[in-house]
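Residue numbers (our numbering), protein chains in the order written: chain A, 20 to 181; chain B, 20 to 181.
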């Protein structure tokens, strides 16, 4: 018998299909256009990306070749993240680079796909490709999965409020 | 019998040790400190990087985490290039990312090593790591090798003038 957990967000499904990739899947209870907006409108991104921490969005040029840079202000300190958009295809696909200031020059390619499930829900898939297995494993062991689930829970709340 | 080519710059040695790498070696007739300076001082870089084309150095923060961005003005058009420094260890090693505006979000990691040959010459090794074999092969077939040899010939002239 399973216990229903009405107030707990679902966990993302995290797998490692190859030795340089992380594959993440998560279903959101909102139509694709709304999820797209929450992921590409800076004012909305600032409400969930930082999992409750303040995010300063210094750049967010959501188009091919555009740059993004977010600075997270957490109790543990200030962390900058940045990258560039390789592909932006509304409302279904973004390919972008991701780099954390703490490891400059270590660049991840993120392929984010939004799939309309046809019942008002949207499946978001994020496939990250690293240059090396060591960088991939470093990300896996960084507490990424916990942070990701917190971000996605915050995104659930933003989607419900839109 | 070989024919000496007194007025021709030596060609760089270009190999592909793995399916995601390009390995480049070239010996320069100058001491390592001088080669280091020619490769890290923006005023000197502007004299050789563009192979005779005008280069505008918009950013060149030669330190860990610093960014660089060069814009080349050629008869064929304007091309932007940019990246970020992962490691800067004078006078022997720079690790940096490299990205061309024409293919935004396709990021190469360049490991540049300067080896003092002990006779007043310096061997420069540049190992580029790509996310995929397709991106590596795209670079190989882009005319990279010709452009590289032109840049290095221009660097020979800068080194001789310093």
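C-beta: ideal position from N, C-alpha, C; glycine also.
Assigned with DSSP and collapsed to three states, residue 178 (chain A) falls in helix. The C-alpha of residue 142 (chain B) lies about 19 Å from the C-alpha of residue 165 (chain B). Using a Cβ-Cβ cut-off of 8 Å, residue 126 (chain B) counts as an interface residue toward chain A, since at least one Cβ of chain A sits closer than that to its own. Three or more beta-carbon pairs separated by less than 8 Å are not found between the stretch 84-102 of chain A and the stretch 69-77 of chain B, which leaves the two stretches without contact. When secondary structure is reduced to three states using DSSP, residue 122 (chain B) falls in the coil class, being assigned neither helix nor strand.
Not flagged as an interface residue toward chain B: residue 157 (chain A), since no C-beta distance is shorter than 8 Å.
Secondary structure in the stretch 59-146 of chain B: the alpha helix (DSSP H) runs of 4 residues or longer, each lying completely within the stretch, are 61-67 in chain order.
The beta carbon of residue 84 (chain B) falls within 8 Å of a beta carbon belonging to chain A, placing the residue at that interface. For residue 104 (chain B), the nearest CB of chain A lies under 8 Å from its own CB, placing it at the interface with that chain.
Those residues of the stretch 29-42 of chain A placed with their C-beta closer than 7 Å to a C-beta in chain B do not exist. In the structure shown, residue 34 (chain B) adopts extended strand secondary structure according to DSSP, grouped into three states. By alpha-carbon distance to residue 108 (chain B), the top candidate from B:130, B:159, B:156 is B:130. Selection B:128, B:110, B:152 evaluated against residue 54 (chain B) yields B:110 as nearest (Cα-Cα). Within the same chain, and ignoring the five residues on either side of residue 136 (chain B) in sequence, the residues whose Cβ sits closer than 8 Å to its Cβ are 46, 142. DSSP places residue 45 (chain A) in the uninterrupted beta strand (DSSP E) bounded by 40-47. Boundaries of the alpha helix (DSSP H) around residue 152 (chain B): 152-159.
Residue 112 (chain B) has its alpha-carbon roughly 24 Å from the corresponding atom of residue 99 (chain B). Contact with chain B is absent for residue 108 (chain A), since none of that chain's Cβ atoms lies less than 8 Å from the residue's Cβ. Spanning the alpha carbons of residue 114 (chain B) and residue 32 (chain A) requires a straight line of approximately 34 Å. Inclusion of residue 68 (chain B) and residue 170 (chain B) in the CB contact set at 8 Å is warranted, their separation being smaller than that value. The residue from B:43, B:65, B:127 with its alpha-carbon nearest to that of residue 105 (chain B) is B:127. Just so you know, the alpha carbons of residue 123 (chain B) and residue 86 (chain A) end up roughly 9 Å apart. With respect to chain A, the C-beta atom of residue 120 (chain B) has a partner C-beta closer than 8 Å.
Ranked by how close their Cα comes to the Cα of residue 145 (chain B), the residues B:134, B:176, B:50, B:153 have B:134 in first place.
Chain-ordered listing is empty here: chain A has no CB closer than 8 Å to the CB of residue 98 (chain B), the nearest sitting near 12 Å.
Across the set B:36, B:29, B:40, the C-alpha of B:40 shows the shortest separation from the C-alpha of residue 155 (chain B).
Annotation: Cβ neighbours of residue 114 (chain B) in chain A (cutoff 9 Å, chain order): 124. The beta carbon of residue 130 (chain B) sits no closer than 8 Å to any beta carbon of chain A. Those residues of the stretch 151-177 of chain B placed with their C-beta closer than 9 Å to a C-beta in chain A are 151, ordered along the chain.
Taken atom to atom, the span from the alpha-carbon of residue 120 (chain B) to that of residue 132 (chain A) is near 23 Å.
Residue environment analysis places residue 50 (chain A) among the buried positions, since at least 16 neighbouring C-beta atoms fall within 10 angstroms of its C-beta. Residue environment: residue 97 (chain B) is assigned as exposed (fewer than 16 neighbouring CB atoms within 10 Å of its CB, all protein chains considered). Rounded to the nearest angstrom, the gap between the Cα atoms of residue 61 (chain B) and residue 180 (chain B) is 16 Å. A residue is called buried once 16 or more other Cβ atoms fall within 10 Å of its Cβ, and residue 102 (chain A) is buried on that count. Chain A places a beta carbon closer than 8 Å to that of residue 148 (chain B), counting this residue as a contact.
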